[in-house]
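**Student:** Dumping the structure here so I can ask a few things about it.
Below, the structure written as structure tokens:
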């Protein structure tokens, strides 16, 4: 399908050939896909609602439904999508990127640059705090100006270590430098 021609996907969960969850997975498979997705379904099980949210559904409306509420949700999704497309187009204009491959490269370079700066800042902070035997992960997260959850996630994603393992690695490298 051509994503530029689709404004909104409305699907039920229970469908004969492909269930709504699989359709949602396929629509969300492309990171650049900005098409809003709404489930209109009789399924009210909380586990299914949570599964849909985790897969990236934009709205979940259960049957029976009020038509004015449904219309308001659809209008809200379309308006949000229009704003998102404008912001996306502006980003493309600002970066000079036209096609998807160039955009992926620009985004990857920005991510790499951010990651590098973040890790350098973390390295400085950890080196400064090595003398503090009471330093804890929440303290480092605070010093890095992120939540503890974000801190743990970034450390794991950027280094492959847990925060504690990373601190031990820095400590051991510092000790090795002092010995040499």
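Residue numbers (this note's numbering): 82 to 261.
The beta carbon of each residue, even a glycine, is placed where N, CA and C say it ideally should be.
From the DSSP secondary-structure annotation, give me the bridge partner or partners of residue 91.
**Tutor:** Residue 91 is bridged to 119.
**Student:** Taking the straight line between their C-alpha atoms, what separation do you get for residue 100 and residue 258?
**Tutor:** Distance between the alpha carbons of residue 100 and residue 258: 58 Å.
**Student:** Where does residue 138 sit, in a helix, a strand or coil, going by DSSP?
**Tutor:** Residue 138: coil per DSSP, three-state reduction.
**Student:** Between the beta-carbon of residue 255 and the beta-carbon of residue 208, is there less than 8 Å?
**Tutor:** Yes. Within cutoff.
**Student:** Using a 10 Å radius around the Cβ and a threshold of 16 neighbouring Cβ atoms, would you call residue 98 buried or exposed?
**Tutor:** Flag for residue 98 reads exposed.
**Student:** Have a look at residue 39 and residue 214 and give me their C-alpha separation to the nearest angstrom.
**Tutor:** The requested residue 39 does not occur in the structure, where the chain is confined to residues 82 to 261.
**Student:** Would you give the residue range spanned by the alpha helix (DSSP H) that residue 219 belongs to?
**Tutor:** Looking at the DSSP string, the run of the alpha helix (DSSP H) that includes residue 219 is 218-224.
**Student:** Are residue 155 and residue 141 touching if we call contact CB-CB under 8 Å?
**Tutor:** In this structure, residue 141 does not lie closer than 8 Å to residue 155 by Cβ.
**Student:** Note down, in chain order, each residue of its chain lying with its Cβ closer than 7 Å to the Cβ of residue 206, except the 5 sequence neighbours on either side.
**Tutor:** Closer than 7 Å at the Cβ level, and outside the excluded window around residue 206, lie 221, 224 and 225.
**Student:** Within the present structure, is the beta-carbon of residue 104 separated from the nearest heavy atom of the ligand SAH by less than 7 Å?
**Tutor:** Summarising the ligand content, the structure contains no ligands, and the ligand SAH is consequently not present.
**Student:** In angstroms with no decimal places, state the Cα-to-Cα distance between residue 118 and residue 162.
**Tutor:** Those two C-alpha atoms are separated by around 10 Å.
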